[in-house]
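Student: Residue numbers (our numbering): 96 to 594.
Below you'll find the structure I mean.
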RNA sequence: GGCGGCAUGGCCAAGCGGUAAGGCAGAGGAUUGCAAAUCCUUUAUCCCCAGUUCGAAUCUGGGUGCCGCCUCCA
């Protein structure tokens, strides 16, 4: 079995075959950098990060290109509102983008071109389109002539004539437009007074939105690429237009597989800047929601389906991740106690009569994982495998953490080590890595000294021995409020952790 | 109006013709002065109707209800 992906172009789940053996070229539509990214962006880039990781893990050499749209009306508006420049706004938001994506453990793209740095390529692509009769210029604007593209609408399943008639009935025609046809779109926009601009043969202006992607794909990856990525909201018109431009220019297919991720919804409605129902990644991170919780939340659903974001869902994800995290932390935190560093390499096969069975069992997990991922990146299914794998490891981790660990037999330890190794590897394909509890050491409002805690515990112990449980419980509550949790153990031992 | 998608337990979510993964919540048990935490166990016949089939959550037809796109958008 090998990887199958749902191709928007055919609406079918197809076997993935790369253009060149063992190499994959991917272009992912990036963000317009006028503001911070929200959970919708996070979902998109987490999901594509997993695609990339899975391809790499499967043995492909992946070239991943993702753009920044750093020239656009929204950026211009933001700049004028702030009294700064387009460049300042976009530069700042690019840095913020990196911060958020790095925090979420999203691998940086191999190349991240910016529209403003590709003006030469953009201009020459427009010129080419003009020369081929696919574009026309009017008063410093250049438009793409949609009606000349025979297969326009093939990605979004639109019939242009029908759409046109229907749209006319429902929408205002763009007043005062110089376009020949309302579906034509701008390749080059003449600059308004005071706006940033680039010179061109059509006059001072700037590129339209769609053309930058066509130009960048061509420049960075060539005429035809393996996979083109984006959100479903980009299918029309953005990706449709990209195809029209690129194919009008090169005469070749732009991308062989078009993959689109579903939207993040809030109360059943799409999260978006314009609706104002968004939560930024930064908000969540600042609130103490861990990066891996966000990743786990996203990967619980299939990438194509809508995913509802709510506090409840996030809470549930946080608890779910906590359990998985325990299992993943086992080796890194307690490898020494288990003697794992020593047991590696000392694996005498004949020592372990169950070895074959156990190997077989682990193999099953491995296979189930691959089957799930091969099936159009069924991360939800893959997570189920990971959880099954994690169960005994989590139990062991928590036992050790609670000092309830009793020494295990050596073959048992070796088996668990293998299990943990597999778990770590598979989780890593999903980008899930062990995380230290967020606020273990440095929480601002948690500045109570260890000695004070010990004293409080001693007082509580005394109260308990006097059966003054009200007082004992008060002490516990007081500590709780200060972020200290008490754990009573057998034998009258009380331990505490900062939460 | 056109195009596309989705409907599975209290919530989220897999399943792709062979008798319902996983997470969260809930319940029971172990532990505890009580808690918390932890560990173990446990909870569904798949929106409705009609068909195809030995057999359907899974295929076909017809309903119903949601959502996305058609304007910037991941």
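Ideal Cβ positions, reconstructed from N, Cα and C, are used throughout, including at glycine.
From a predicted model like this one, the values you see are computed outputs, not experimental measurements.
So is residue 427 buried or exposed if we call it buried at 16+ other beta carbons inside 10 Å?
Tutor: Result: exposed.
Student: Looking only at DSSP bridge pairs, what is residue 324 linked to?
Tutor: 123 and 354
Student: With DSSP run on the structure shown, which of helix, strand or coil describes residue 336?
Tutor: helix
Student: Does the structure place the region 359 to 377 close enough to the region 336 to 343 that three or more beta carbon pairs sit under 8 Å?
Tutor: no
Student: What residue range does the beta strand (DSSP E) around residue 544 cover?
Tutor: First-last for residue 544: undefined, no H or E at that position.
Student: Using a Cβ-Cβ cutoff of less than 6 Å, which residues in the same chain neighbour residue 530 once the five nearest sequence positions on both sides are dropped?
Tutor: 385, 387 and 420
Student: Would you kindly report the start and end of the unbroken alpha helix (DSSP H) that includes residue 107?
Tutor: Segment 107 to 110 is the beta strand (DSSP E) holding residue 107; no alpha helix (DSSP H) there.
Student: Only counting the same chain, and skipping five residues up and downstream in sequence, which positions put a Cβ closer than 7 Å to that of residue 494?
Tutor: 500
Student: From which residue to which residue does the beta strand (DSSP E) around residue 580 run?
Tutor: DSSP places residue 580 in the uninterrupted beta strand (DSSP E) bounded by 579 to 583.
Student: Quick one, are the C-beta atoms of residue 160 and residue 316 less than 7 Å apart?
Tutor: yes
Student: Give me the residue from 99, 481, 474 and 550 with the minimum Cα distance to residue 519.
Tutor: 481
Student: I need the DSSP call for residue 99, collapsed to helix, strand or coil.
Tutor: If DSSP states are grouped into helix, strand and coil, residue 99 belongs with the strands.
Student: Pull up the DSSP beta-bridge partners for residue 237, would you.
Tutor: 232 and 283
Student: So what's residue 404 in DSSP terms, helix, strand or just coil?
Tutor: Look at residue 404 here: in three-state DSSP terms it is coil, with no helix or strand label.
Student: Expressed to the nearest angstrom, what Euclidean distance is found between the alpha-carbon atoms of residue 289 and residue 171?
Tutor: In this structure, the alpha-carbon of residue 289 lies about 10 Å from that of residue 171.
Student: Would you please state the rounded distance, in angstroms, between the beta carbons of residue 129 and residue 173? I believe it to be under 8 Å.
Tutor: With a Cβ gap of about 5 Å, residue 129 and residue 173 count as contacting.
Student: Residue 213 to residue 307, Cα distance in whole Å?
Tutor: Taking the straight line from one Cα to the other gives about 8 Å.
Student: Does residue 293 come out as helix, strand or coil in the three-state DSSP assignment?
Tutor: DSSP places residue 293 in the strand class (E or B) of the three-state scheme.
Student: Which residues bound the alpha helix (DSSP H) around residue 190?
Tutor: 181 to 198
Student: In the DSSP assignment, find the alpha helix (DSSP H) that holds residue 314 and state where it starts and stops.
Tutor: 304 to 316
Student: Would residue 121 and residue 322 be called neighbours here (beta carbons separated by less than 7 Å)?
Tutor: yes
Student: If you compare alpha carbons, which of 513, 118, 391 and 399 is closest to residue 455?
Tutor: 513
Student: Check this for me: beta carbons of residue 140 and residue 233, under 7 Å apart or not?
Tutor: no
Student: What residue does the alpha helix (DSSP H) around residue 275 start on, and which one ends it?
Tutor: Note, residue 275: premise wrong, no alpha helix (DSSP H); not H, not E.
Student: Residues in its own chain within less than 7 Å of residue 436 by CB, not counting five upstream and five downstream?
Tutor: 430
Student: Who are the near neighbours of residue 135 in its chain, counting only those whose CB is closer than 6 Å to its CB and skipping five residues on each side?
Tutor: 359 and 366
Student: What are the partner residues of residue 300, as DSSP defines its beta bridges?
Tutor: 285 and 293
Student: Put residue 130 into one of helix, strand or coil per three-state DSSP.
Tutor: coil
Student: According to DSSP, what are the bridge partners of residue 474?
Tutor: Paired residue(s): none; residue 474 is not in a bridge.
Student: Could you tell me which of 137, 470 and 222 sits nearest to residue 378, measuring between CA atoms?
Tutor: 137
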